[in-house]
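Number 350 in the working numbering belongs to position 119 of the sequence shown; there are no gaps in the numbering. A short write-up of the structure that comes next.
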Amino acid sequence: MDAGLNYENMQCSEYSSPRRISTQLNVVQQAGLGCSSSTAQNRPSQNPEETTGISNTHQCNHLESKTKSQLQTFRSLRQYLCDGTDIFTENRSCSVCPRTWLPYKDKCYWVSTSIQSWNQSYKDCVANGSQLLVISNTGEQEYVQNIIKNKSTWIGLMFKLPEKKWMWINGSPLSRTLSQPLMAGCGVIEKKGIGSDMCSTELHWICQKPSVFI
């Protein structure tokens with residue numbers, strides 16, 4: 232799996248989120264400007280004994296300049312990645328995923344082109360900083376069913392013993408709104424919905440990871 236970031240092939244979608252990189256950078260910018268304002272109000276005299284104050288002023292000026300430069304670079308990159316999205320509207324954000332991953336809301340999805348068992352699929356996702364898909368609601372289920380097309384695909388769902396319950400790998404139970412009772416085994420998602428198969432069966436698999444908001 233290739234999970235490396237590549238801005239030329241970045242996948243984006245629009246999404247509302249209070250947690251954005253741009254918000255964090257604005258805080259940094261305000262800190263830099265605050266530093267500059269503070270030193271301007273308390274300019275040191277030219278007394279040789281107060282050279283420390285002059286040094287601090289130079290450091291703050293450097294911080295302000297560097298912060299402005301980085302913020303401008305980020306804004307340019309953000310506009311490039313989120314082209315066509317009204318990202319400058321309040322509380323709007325662009326959701327960014329690595330190359331070969333697909334964005335939806337606050338997640339990124341990667342669908343395999345090869346096949347393997349459920350356990351091998353689980354390990355592959357973990358090894359690449361992600362996890363087998365955990366479906367949160369019917370909207371997400373419908374989206375995933377569209378991207379897997381007609382392939383039976385492993386997801387992060389399995390029959391737990393001795394509980395004798397279907398559980399997601401994050402510890403939450405399978406909702407009846409997503410699926411009817413299944414045979415024991417490991418969970419798959421298909422065009423017709425969520426199903427099950429023997430865990431040793433070799434199938435495609437789908438991984439998920441959080442998207443980055445900019």
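All C-beta atoms in this analysis are idealised placements derived from N, C-alpha and C, irrespective of residue type, glycine included. Please read these numbers as outputs of a predicted model, since none were measured by experiment.
Residue span of the alpha helix (DSSP H) that contains residue i, given as start and end
i	result
V467	This structure gives no information on residue 467, because the portion of the chain shown stretches from 232 to 445.
Q372	T369 to I379
Residue i versus residue j: straight-line alpha-carbon distance, rounded
i	j	result
S383	G370	19 Å
Y374	K380	10 Å
D233	N287	Confidence in D233 is poor, its pLDDT being 44 and thus under 50, which makes the residue's placement too unreliable to answer from.
R410	G424	Sequence inspection shows Ser at residue 410; the Arg mentioned does not correspond to that position. S410 and G424: Cα-Cα distance of roughly 7 Å.
K299	A358	37 Å
G416	N350	12 Å
N292	T331	41 Å
S427	F444	34 Å
A271	E295	The predicted model places A271 with a pLDDT of 48, which falls under 50 and marks its position as unreliable, so this point remains unresolved.
Q376	L302	39 Å
K422	S403	23 Å
K290	K297	Sequence check: residue 290 is Gln here, not Lys. Rounded to whole angstroms, Q290 to K297 spans 11 Å at the Cα level.
C325	C339	13 Å
C356	E394	25 Å
Rounded Cβ spacing between residue i and residue j (contact assumed at less than 8 Å)
i	j	result
S352	W385	5 Å
L405	M414	Their Cβ separation, rounded to whole angstroms, is 13 Å, which puts L405 and M414 out of contact at 8 Å.
T342	I437	Before going further, note that residue 342 is Val rather than Thr in the sequence given. Rounded, the Cβ-Cβ distance is 5 Å, consistent with contact.
Segment limits, beta strand (DSSP E) that includes residue i
i	result
E421	C417 to E421
V342	K338 to V342
K382	No beta strand (DSSP E) holds K382; DSSP gives it neither H nor E.
C438	H435 to P441
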